[in-house]
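Residue numbers (numbering that gives the first Met the number 0): 0 to 553. Positions of the beta carbon are idealized from the N, C-alpha and C atoms, including for glycine. Worksheet: one structure, shown below.
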Amino acid sequence: MEMFCYQCEEAAKGTGCEVKGVCGKDAETAALQDLLIHAVKGVAMYGHRAGLLGRRDAEIDRFIVKALFKTVTNVDFDAESFVAMVRRAAELRDRAKVLYEEACRLEGVKAEELSGPAAWRPAADRGSLVEQGIEVSVAVEKMRIGADLAGLKELLLYGLKGTAAYACHAANLGREDDGVYGRFHEALDFLTREKVSMEELLERNLAVGELNLKVMELLDGANTGAYGDPSPTRVRVTPVKGKALLVSGHDLRDLEDILKQTEGKGINVYTHVEMLPAHGYEGLRKYGHLAGNYGGSWHEQRRDFEAFPGAIVMTTNCLQPPRESYKARLFTTGPVAWPGVEHIEGRDFTPAIEAALAAPGFAEDGAEEYITVGFGHRAVLSEADRIVEAVKSGAIRRFFLIGGCDGQKSGRNYYTEFAENVPDDCVILTLACGKFRFNRLDFGEIDGIPRLLDMGQCNDAYSAIKVASALAEAFGCDVNQLPLSLVISWYEQKAVAVLLTLLHLGIRNIKIGPSLPAFLTPKVVEVLVERFNISAIDEARKDLDTILADRVYA
Ligand code: FSO
Ligand code: SF4
């Protein structure tokens, strides 16, 4: 086996990628990512202990979340960037050790002798680093502690990776929290324990769900603080004549910088996939040259990017292996990297702007077509009375949260079919990129309330949680007793973080697809079914009938 990775939904053969990632990640990069995670655990072992004694180091804290984010699916494919990160991790581990030992001296306590990731030394050359990475891969851990425990440890790690992505976005807008960083250290330190029980791991996983809720709240505050509350906004989804720059990913700060730097340059800026919700924010849509959204879901990017007559900036996942036809006008920034693709550092987007100006742009306007976004929690809750009334009068029978990530598997047609068949007296809440399978359909309204409410990016699951909690309060019931069903699609580790948050909140009866994670063994799934009645999707119409018959949800 050259590599082993089963962190995303597209793991080869439903079990794991062993030669090359379905995502395009090569074996060398996979091993270096595994080594970086190992190294980061070493930093956290000292960081956690220093933190307990009241000592923190901002650079260490930021490095940890950045490193976790870089190993998320479809973010960084560049082996060389991981070599640099691994070496930096070793330096920061030594710094965290000094911090801890100083704190111990000051407090008059004896410093612990730490081993494992805390004592690891990086090899001298890239080939040997790769060897070190292979030795610490989850394949090895599975053999050592068994698939159940290894899988639950990975569930926790993937939840942390997703949470780290959100923490990085919040930090880019100046929102950070020492307590949050402390919990990252604590969770990573926990992962280095040799003896852990399944029960303990489950509880720690739910604690990551709690952490992610806190981080999504932090990010919601960062986004709304910087750009205002999202409000319903019509977004053009067809091109406008002229020079063009496409911004993909999730980072609103990057989009803002690009909008500022392109002002007055005759370039129309378009959002792509998870950047679509940006149009809901007044602080971003005030830029007249934010022209619309372009293209379909992330997995259609190779077709879309090839056809796009301008420059493209990837601010976060999901990046696919680029085609030569557009590689020269593709740019990465932040945590994203692809060997040979120009990486923009220091928030100076001049190279992308120049490439946009050099490209032909759209020769003519496309036929006008719009969709509506911007149903954040405050926008929806400002209509709470009307919504509650509509439920009480029977005008709204049920809410369906059809959200999560999109992917390439054919089984994902389920979500389109499900949305298409939701009865006319039901409302669909949606978020993240899975909605690209149905967000151009016309769902109409119920008593003036749109039947499709796009709440935003995957992290805006926070909005859905706020709305569900407010409705539960209005009806004097538990969230599980609401006429609300969650039908979630997952692909990568942010969806794992959101799922853990929902489980932490005690939300039951979630349907998840298109398949269950490879890292969850039958035994672990059994426990999740028992505690949360979580289930895999079946056939869209069958699932819909079951839900509407209220057999499970009464
Ligand atoms: Fe999608 Fe990709 Fe937002 Fe993910 S574009 S799959 S869960 O990165 O983060 O929903
Ligand atoms: Fe395979 Fe997914 Fe890992 Fe990529 S991230 S190597 S597709 S399991």
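Would you tell me roughly how many angstroms separate the C-alpha atoms of residue i and residue j, rounded to the nearest one?
i, j, result
"V312", "D477", "43 Å"
"Y226", "N532", "38 Å"
"A221", "L258", "18 Å"
"E363", "D253", "27 Å"
"D542", "T520", "24 Å"
"I448", "A354", "42 Å"
"K434", "A473", "28 Å"
"A110", "G263", "59 Å"
"L504", "N438", "28 Å"
"E112", "D347", "44 Å"
"Y269", "H298", "18 Å"
"A164", "M215", "10 Å"
"Q260", "L283", "13 Å"
"V82", "S114", "22 Å"
"G333", "T545", "44 Å"
"R174", "C317", "24 Å"
"C103", "L51", "10 Å"
"Y552", "D303", "Unreliable placement is indicated for Y552, whose pLDDT of 40 sits below 50; the coordinate value is still reported in the next sentence. One C-alpha to the other measures close to 41 Å."
"T72", "C22", "8 Å"
"Q456", "T237", "21 Å"
"K213", "K240", "42 Å"
"A306", "V390", "45 Å"
"G295", "R192", "43 Å"
Is it right to say residue i is buried, meaning 16 or more other beta carbons lie within 10 angstroms of its own, or is it exposed?
i, result
"D384", "exposed"
"D441", "exposed"
"C16", "buried"
"S80", "buried"
"M142", "exposed"
"S324", "exposed"
"K69", "buried"
"R550", "Confidence at R550 is low in this model, with a pLDDT of 44, below 50, so its placement is unreliable and the value that follows should be read with caution. Classification of R550: exposed, given that the 10 Å Cβ count is below 16."
"E8", "buried"
"I107", "What sits at residue 107 in the sequence shown is Gly, not Ile. G107 is exposed by the Cβ-count criterion."
"V97", "exposed"
"D459", "buried"
"R202", "According to the sequence displayed, residue 202 carries Glu and not Arg. Under this definition E202 is an exposed residue."
"M2", "buried"
"S392", "exposed"
"S247", "buried"
"P422", "exposed"
"N267", "buried"
"G265", "exposed"
Kindly examine ligand 2 and report whether one of its heavy atoms sits closer than 7 Å to the Cβ of residue i.
i, result
"Q6", "yes"
"T72", "yes"
"C22", "yes"
"A496", "no"
"E209", "no"
"G15", "yes"
"T273", "Per the sequence presented here, residue 273 reads as Glu, with Thr not at that position. No, the Cβ of E273 stays beyond 7 Å of every heavy atom of ligand 2."
"E341", "no"
"A149", "no"
"A327", "no"
"E9", "yes"
"A29", "yes"
Are the C-beta of residue i and some C-beta of chain C separated by less than 8 Å?
i, result
"I63", "Note that chain C does not occur in the displayed structure, where there is just one protein chain."
Taking 7 Å as the cut-off, does the CB of residue i come closer than this to any heavy atom belonging to ligand 1?
i, result
"C317", "yes"
"V390", "no"
"K493", "yes"
"H249", "yes"
"Q456", "yes"
"C432", "yes"
"C404", "yes"
"W337", "no"
"Y414", "no"
"Y293", "no"
"Y490", "yes"
"W119", "no"
Quick check: does the Cβ of residue i come within less than 7 Å of any heavy atom belonging to ligand 4?
i, result
"V18", "This structure simply doesn't include ligand 4; it includes ligand 1 and ligand 2 instead."
Please look up how many angstroms separate the CB atoms of residue i and residue j, rounded, as I've assumed it's under 8 Å.
i, j, result
"M197", "D124", "Actually they are not in contact, since the Cβ atoms of M197 and D124 sit about 39 Å apart, beyond 8 Å."
"V340", "P321", "6 Å"
"L483", "L205", "Incorrect: roughly 21 Å between the Cβ atoms, too far for contact."
"D33", "V135", "6 Å"
"T315", "D250", "6 Å"
"T232", "G279", "5 Å"
"V495", "V74", "About 15 Å; that fails the 8 Å criterion."
"I401", "F417", "6 Å"
"K65", "C167", "6 Å"
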